[in-house]
Each structure stands twice: as C-alpha cells, then as structure tokens.
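The block underneath contains the structure these notes are about, expressed in structure tokens.
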C-alpha cells in the first residue's frame with residue numbers, strides 16, 4: 001500500500017517536472033531567435049580557457065600602472081678592471097668581453113620578466129646563465145664555454161664587476177616595482193612581489209650549485225639585500241594604507257590627542273636620557289611638534305615630510321663626516337627607545353587609542369628606517385641596496401663593534417674613543433641586532449633585550465622611576 005502511494009507521488013512529480021522543463025525549453029528557443037549565432041554564439045564568451053586567459057591579462061594591465069619607469073633600469077656596465085694583474089691562464093680579453101655582454105643580456109631578460117610580472121621566469125634565467133657545472137662543451141648561444149665561465153668567476157675583478165652591477169640593477173628594480181612606498185598598491189601585486197622576494201635566494205642557490213664559492217657569496221649577498229628590501233618596502237606600504245584610515249578619522253585623532261596629553265613625558269625623558277643621552281630641548285621640541293601635527297589632522301604625506309624633517313634636523317651636524325652612518329644608526333636606536341617608552345606609558349594607562357598608536361608607531365619606525373637608509377646611501381655615494389648588501393656580506397663585524405656603544409656618538413658630533421676590551425662581545429650582539437633590524441623586526445625588542453643583558457647593577461637609591 002505504501003509502495004503504491006509512493007509511485008503515484010513520483011509519477012505526479014515527474015509530470016510536473018516535465019512540464020516545467022518543456023516550458024523552459026520553449027523560452028530558451030524564443031530567446032535564441034534574437035541572439036546572433038544561436039546557442040554557440042551565446043556560450044562562446046563563457047569558454048573557460050578564454051576567461052582564464054583574459055583575467056590574468058586584465059590584472060596584469062592594471063598592475064602595470066603602479067610600476068615605475070624602467071627605461072634606464074639596466075645599468076651601464078663598466079669594464080672588468082684587472083688593473084695591472086695578468087689574466088688567468090686560459091682566458092683572453094675576448095672571453096672577458098663575452099662575459100660582459102652575456103651579463104648585460106641577462107640583466108635585460110631579467111628586467112623584461114619583472115616588467116611582465118613573470119617572476120618565475122627569473123629562476124630559469126639564472127639556470128640559463130650559470131648553466132650545468134659539469135658541462136665542459138662550448139655554448140654557442142653564450143659565446144663562452146662553461147669551463148671559461150667558471151674560471152672567470154674565480155677572478156676577483158669579475159666578482160667586483162658582478163657585485164657593482166647587481167647592486168645598481170637590483171636598486172633600479174626596486175624603484176620599478178615600488179616607485180613610491182606610500183602610494184596605494186593592489187594587494188594582489190603586493191603579494192606577488194612578496195612571494196617573489198621569498199623565492200629569490202632559493203632559486204639562486206639552486207642555479208649556482210657547483211660555482212666558485214666566492215662568486216656565490218657575492219651573488220647571494222646582493223640578492224639577499226634585494227629580497228629584504230622588497231619585503232620591507234611592501235610591509236611599509238601595507239602599514240601606510242592601514243594608517244591612512246586612522247589619520248583621516250577625526251574621532252580617533254581626538255582620542256589619540258587626549259591620551260597623548262596624559263603621558264608623563266617628563267618621566268619618559270628621565271628614563272630615556274640615561275640610555276640615549278639626548279638633549280632635553282630637542283626631545284621637548286619633537287614632542288610639541290608631534291602633538292601639533294597630530295592636532296592639525298595631517299595627511300600621511302604631510303606626516304612623511306615631518307619625519308623627513310626630523311631625520312634631517314638630527315643628522316645635520318654629521319653631514320659630510322665619516323661618522324654619519326654610525327650617527328644614523330644611533331638615531332634609529334634612540335627613536336625606537338623613546339617610542340617604546342611612550343607606548344609603554346599608554347599601555348599601563350589602558351589608553352583607548354592604544355591600537356591606533358601602535359599602528360602609527362609601527363609605520364613611523366619603518367619609515368624612519370627607510371629615510372635613514374636613503375640618507376646614508378646619499379652620504380656614502382652608494383645605493384641603499386649596496387649599503388645593506390655590503391653590511392650583510394661583511395657579517396657586520398667591523399661596522400657594528402661600536403654601533404650600540406652608549407658613548408659612540410654624542411650630540412655635539414664628537415666620537416669618544418671606546419675601549420676594545422669588550423669589543424668582541426658587543427660585536428656579536430650588535431651584528432644580531434643589525435640583522436634583525438634589517439629584516440624589519442621592531443628595533444625596540446632587540447634594544448631592550450640588549451639593555452637587559454648589559455645593564456649594570458643599580459643601587460636601590462638610584463633606581464629609575466616607573467609610571
């Protein structure tokens with residue numbers, strides 16, 4: 001009985017469904033009468049392969065408008081200077097010139113891949129350049145045998161030539177990919193650049209297996225600085241876009257001013273002066289300028305100009321002096337320490353605008369690093385990537401021995417002599433700090449950790465006040 005009733009219901013449903021399908025088909029035939037090409041013409045734009053091809057092309061065209069000028073991105077490669085040294089046995093001037101042409105062609109292909117946003121092609125280009133170490137036959141396309149290529153890579157003059165070319169070329173590529181660190185960039189392009197940066201060292205290491213170790217170090221040093229710069233600049237750009245919303249919100253700005261006026265800056269200065277030894281007048285001027293600029297609801301670009309002015313004001317006494325880079329590093333440490341003290345005060349007071357201040361602080365720290373990096377670059381006559389690449393390549397031994405010395409640079413620009421008894425100890429911690437800072441980590445974390453490691457005992461009567 002139950003089965004018979006189920007069959008009747010099923011037959012009724014089939015009849016209803018068949019009627020609806022027939023009615024829908026009649027409607028489709030009527031619509032097809034006014035569509036050129038019939039059903040084929042209507043479905044043609046929905047071809048999956050066509051849609052998949054059009055979408056990346058459209059996205060690529062949209063991304064191109066955010067790229068910088070690439071007309072001069074491939075640098076003019078100078079001569080490979082052997083000086084008075086003779087060429088190694090088995091090499092001729094013709095081989096050296098062939099390598100120079102080969103490297104320029106490689107840079108041009110590299111640039112084309114980047115401009116087309118075909119980042120994965122770079123891995124193939126590196127494999128094509130360095131080839132198979134076990135292949136001893138001549139390469140007609142290169143115009144240089146693999147054996148001679150490896151022999152050239154052992155020459156110091158060739159290594160210096162490659163290093164100079166890489167530093168300039170990679171800096172030009174950064175300017176092409178991120179011409180303005182504060183300009184909004186689509187998240188898809190930012191992510192593509194970050195993935196590219198993440199893959200660079202692995203690709204190059206794989207491509208250069210079997211190459212002379214010294215040349216590998218030169219190449220890896222440049223690429224590491226290139227990748228770190230791309231990661232830092234994309235992070236800076238992301239922070240800038242997040243901060244725009246805060247700086248344009250009058251309610252949030254008002255709350256930030258209220259909370260900032262409650263901070264005990266006198267106490268902050270007392271604690272920070274013991275570590276940083278900064279002028280009280282300079283710190284007070286910066287405090288007042290910051291509050292006034294915040295009250296004016298300044299745009300992100302105006303804040304950037306203010307920060308640039310601060311860096312210029314502090315580093316002006318060191319302009320043209322050999323201690324300029326060291327003074328710049330000291331300024332970064334001091335700026336970070338003061339910022340961390342203010343954030344600490346806001347945290348202990350449970351400030352309602354703590355989140356906004358934390359975001360702004362991250363942005364300003366990153367942008368200060370960006371500004372200092374470029375000012376050191378200008379002062380030394382090197383590209384920012386060269387500054388970072390050489391620093392990383394030397395292991396930060398000689399350059400950082402006195403980088404964190406409290407008396408390394410004083411406000412009047414003098415450089416008191418430092419004892420060498422604890423130089424090796426400071427070199428290790430300074431190198432670690434510089435590596436972390438170069439990778440974009442918050443400087444206050446490292447500086448506070450080092451202060452805890454090296455802080456001398458303080459008598460109870462001289463303990464620093466807390467909020």
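Residue numbers (full-length UniProt numbering): 1 to 467.
Each residue gets a CB set at the ideal place from its N, CA and C atoms; glycine is no exception.
Within a 10 Å sphere around the beta-carbon of residue 86 sit fewer than 16 other beta-carbons, which makes this residue exposed. Note that the C-beta distance between residue 200 and residue 122 is below 9 Å.
Under the three-state reduction of DSSP output, residue 376 falls in the helix class. Shortest Cα-Cα distance from residue 240 to any of 109, 370, 96 and 91 involves 370. Look at the stretch 87-113 and you find no whole run of beta strand (DSSP E) that is 3 residues long or longer. Contact between residue 196 and residue 74 is absent: CB atoms are separated by about 18 Å, not below the 8 Å threshold. Closest by C-alpha distance to residue 312, out of 273, 372 and 336, is 372. Between residue 363 and residue 245 the beta-carbon gap is near 12 Å, outside 8 Å, which marks them as no contact. Pairing residue 272 with residue 389 gives a Cβ-Cβ distance that is not under 9 Å.
Rounded to whole angstroms, the gap between the alpha carbons of residue 350 and residue 305 is 30 Å. For residue 187, the three-state secondary structure derived from DSSP is helix. Ranking 222, 264, 278 and 291 by CA distance to the CA of residue 254 puts 291 first. Burial check for residue 183: the Cβ neighbour count within 10 Å stays below 16, so the residue is exposed.
Assignment of residue 167 by DSSP, reduced to helix, strand and coil, places it in the helix class.
For the pair residue 81 and residue 154, the CB atoms are not nearer than the 9 Å cut-off. Counting the other Cβ atoms within 10 Å of the Cβ of residue 229 gives 16 or more, which makes it buried.
Residue 187 holds the alpha-carbon nearest to the alpha-carbon of residue 235 among 187, 111 and 210.
Counting only the Cα atoms, residue 264 lies some 33 Å from residue 374. Inter-segment contact for the stretch 142-152 and the stretch 374-386 is absent: fewer than three beta-carbon pairs are separated by less than 8 Å.
In the structure shown, residue 329 falls within a helical segment according to DSSP collapsed to helix, strand and coil. The C-beta of residue 348 has fewer than 16 other C-beta atoms within 10 Å across all chains shown, which makes the residue exposed. When the five nearest sequence neighbours on each side are left out, the beta carbons in the same chain lying within less than 6 Å of the beta carbon of residue 178 are those of 233, in order along the chain. Residue 107 and residue 148 have their C-alpha atoms spaced approximately 20 Å apart. For residue 283, the three-state secondary structure derived from DSSP is helix. Membership of residue 128 in the alpha helix (DSSP H) is indicated by the continuous run 121-130.
Between the beta-carbon of residue 127 and that of residue 207 there is about 5 Å, and that keeps the pair under the 8 Å contact cut. The beta carbon of residue 356 lies closer than 8 Å to those of 246, 252, 255 and 256 in the same chain, with the five residues before and after it left out. When secondary structure is reduced to three states using DSSP, residue 383 falls in the coil class, being assigned neither helix nor strand. When C-alpha distances from residue 382 are compared across 248, 93, 89 and 166, the shortest belongs to 166. In this structure, DSSP gives residue 66 a state outside helix and strand, which the three-state scheme calls coil.
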